[in-house]
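A.B. asks:
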Amino acid sequence: MEISNLFSIEGKVALVTGGGSGIGTMATEALVRAGCKVYIASRRLESCEAVAAELNAVGPGKVIALQADLKTEEGTAHLAKAMAAHEDKLDILVNNSGMTWGAPFEEFPRSKWDEVFTLNVTAVADLTRRLLPMLRKSATASDPARIVNLGSVVGTRPVSNTAYSYGASKAAVHHLTRMLSNELGSDNITVNAIAPGPFPSRMMAHITSDEARRKAMEEGVPLRRCGTPEDIAGVLLMLTSKAGSYITGGIIPLDGGLSALP
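Sequential numbering of the sequence shown, starting at 10, is according to our numbering.
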């Protein structure tokens with residue numbers, strides 16, 4: 010057993026959707042600092058380019074910014090074609106792009122159910138399907154290709170009162186993760202989900218930017234804090250390295266203990 014390189018992913022090729030902000034940027038930084046070549050994509054190209062410029066100054070890996078609107082079938086097709094034009098194979102796919110919406114249930118618009126599910130669930134399935142040929146090319150029994158989906162603690166327990174479509178969509182991501190792990194295991198592809206609790210991000214800015222609301226939220230977390238980039242990095246490096254090569258179908262809680270509350 011060689012412990013020194015157990016968590017090494019140096020030289021791997023990765024794609025992180027939604028890599029221009031929040032947890033996507035945290036994931037990108039972890040992969041870059043571990044020596045990966047990381048493609049990041051979102052609708053806002055300028056955000057991805059800013060992240061690429063910042064992280065390319067750090068290395069040792071490299072970041073390439075791409076633009077893709079994953080709310081549309083044309084957008085997922087465009088991103089898959091762009092990846093195939095740049096690379097022959099793909100080692101790591103991080104399906105991170107997502108959105109939320111909150112409103113009282115009786116006022117919740119159907120359009121926002123559709124929009125949230127399209128990006129949070131349909132796009133994950135569609136992009137994964139389109140990238141399977143590239144993932145299969147990199148996959149071996151001893152070093153599988155890796156798919157990591159971003160779920161959420163609200164897909165496990167109903168801790169949010171108004172984000173109905175978001176919570177339901179993340180529960181769907183968790184179940185899709187389990188289904189794909191069964192489907193793709195014979196191709197030497199692992200499929201897992203990280204289910205974060207509160208992390209500083211654009212999606213949580215309405216809470217984390219207000220000191221009183223942030224403190225109240227942290228007091229509801231058993232570990233009494235929000236997540237950090239290092240928390241994302243630790244789980245992601247485990248799932249994408251030799252250390253996690255026998256883990257598939259897992260929904261990894263990264264929530265400070267929220268999902269274990271009675």
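C-beta: ideal position from N, C-alpha, C; glycine also.
What does DSSP give as the partner residue(s) for R53 in the beta ladder?
C.D. replies: As a position in the sequence shown, residue 53 is number 44, starting the count at 1. Bridge partners of R53: none, in fact.
A.B. asks: Using C-beta distances below 7 Å, list every residue in its chain close to L64, excluding the 5 sequence neighbours before and after it, in chain order.
C.D. replies: Position 55 of the sequence shown, counting from 1, holds the residue named residue 64. Taken in chain order, the residues that qualify are T37, E38, V41 and V72.
A.B. asks: Under 8 Å, with one C-beta from each stretch per pair, do the region 236–244 and the region 167–186 reach the 3-pair mark?
C.D. replies: no
A.B. asks: CA-CA distance, G243 and G176?
C.D. replies: The sequence position of residue 243 within the sequence shown is 234, counting from 1. The sequence position of residue 176 within the sequence shown is 167, counting from 1. Cα to Cα, G243 sits roughly 25 Å from G176.
A.B. asks: Give the DSSP-derived three-state secondary structure of P271 in the structure shown.
C.D. replies: Indexing the sequence shown from 1 puts residue 271 at position 262. Looking at P271 - three-state DSSP - the assignment turns out to be coil, as it is neither helix nor strand.
A.B. asks: Any idea what DSSP makes of R119, helix, strand or coil?
C.D. replies: Walking along the sequence shown from the start, residue 119 turns up at place 110. Residue state, collapsed to three classes: helix.
A.B. asks: Tell me, which residues are paired with V47 by DSSP?
C.D. replies: Translated into the one-based positions of the sequence shown, residue 47 becomes position 38. Paired residues: A23 and V72.
A.B. asks: Can you check whether the CB of L102 is closer than 8 Å to the CB of A91?
C.D. replies: Here the question's residue 91 lines up with position 82 in the sequence shown. Here the question's residue 102 lines up with position 93 in the sequence shown. No, Cβ-Cβ distance for A91 and L102 is not below 8 Å.
A.B. asks: Can I203 and V157 be called in contact, C-beta distance under 8 Å?
C.D. replies: Position 194 of the sequence shown, counting from 1, holds the residue named residue 203. Position 148 of the sequence shown, counting from 1, holds the residue named residue 157. Contact flag set, yes.
A.B. asks: Please state whether the Cβ-Cβ distance between K80 and D152 is less than 8 Å.
C.D. replies: Start at 1 with the first residue of the sequence shown, and residue 80 comes out as number 71. Start at 1 with the first residue of the sequence shown, and residue 152 comes out as number 143. Not a contact, by the Cβ cut-off of 8 Å.
A.B. asks: Reducing DSSP to helix, strand and coil, say where R222 ends up.
C.D. replies: One-based indexing of the sequence shown puts residue 222 at position 213. Helix, per DSSP.
A.B. asks: To the nearest angstrom, how far is the alpha carbon of G194 from that of D219?
C.D. replies: For this step, residue 194 is matched to residue 185 along the sequence shown. For this step, residue 219 is matched to residue 210 along the sequence shown. Rounded to whole angstroms, G194 to D219 spans 44 Å at the Cα level.
A.B. asks: Can you tell which of A50, A148, G70 and T131 has its C-alpha closest to the C-alpha of D97?
C.D. replies: Stepping through the sequence shown from its first residue, residue 97 is reached at position 88. Taking only the C-alpha atoms, the option nearest D97 is A148.
A.B. asks: Which residues in the same chain as R145 place their Cβ atom closer than 6 Å to its Cβ, once the five residues preceding and following it in sequence are excluded?
C.D. replies: As a position in the sequence shown, residue 145 is number 136, starting the count at 1. Here the set comprises D196.
A.B. asks: What does DSSP give as the partner residues of N191 in its beta bridges?
C.D. replies: Along the sequence shown, read from residue 1 onward, the residue named residue 191 stands at position 182. Looking at the DSSP assignment, N191 forms no beta bridge with any residue, so it has no partner.
A.B. asks: So, helix, strand or coil for V230, using DSSP?
C.D. replies: Mapped onto the sequence shown, residue 230 falls at position 221. Note: V230 maps to coil in three-state DSSP.
A.B. asks: Let me know if Y173 comes out buried or exposed under the rule of 16 or more other beta-carbons within 10 Å of its beta-carbon.
C.D. replies: As a working mapping, residue 173 is identified with position 164 in the sequence shown. Y173 should be labelled buried.
A.B. asks: Tell me which same chain residues have a C-beta within less than 7 Å of the C-beta of D264, skipping the five on either side of it?
C.D. replies: If you number the sequence shown from 1, residue 264 lands on position 255. Excluding its 5 nearest sequence neighbours in each direction, D264 has C-beta neighbours in its own chain below 7 Å: V162, A204, P205 and G206, listed in chain order.
A.B. asks: Kindly identify the DSSP beta-bridge partner or partners of V103.
C.D. replies: Against the sequence shown, residue 103 aligns to sequence position 94. Answer is V25 and V157, bridged to V103.
A.B. asks: Who are the Cβ neighbours of M35 in its own chain at under 6 Å, not counting the five residues just before and after it?
C.D. replies: Along the sequence shown, read from residue 1 onward, the residue named residue 35 stands at position 26. If we look at M35 and ignore the five residues flanking it on each side, its Cβ neighbours are P238 and I241.
A.B. asks: Do C57 and S51 count as a contact pair if the criterion is CB distance below 8 Å?
C.D. replies: One-based indexing of the sequence shown puts residue 51 at position 42. One-based indexing of the sequence shown puts residue 57 at position 48. Against a cut-off of 8 Å, the Cβ pair of C57 and S51 comes out as a contact.
A.B. asks: Report yes if the CB atom of M108 is closer than 8 Å to the CB atom of N129, and no otherwise.
C.D. replies: Here the question's residue 108 lines up with position 99 in the sequence shown. Here the question's residue 129 lines up with position 120 in the sequence shown. Yes. Within cutoff.
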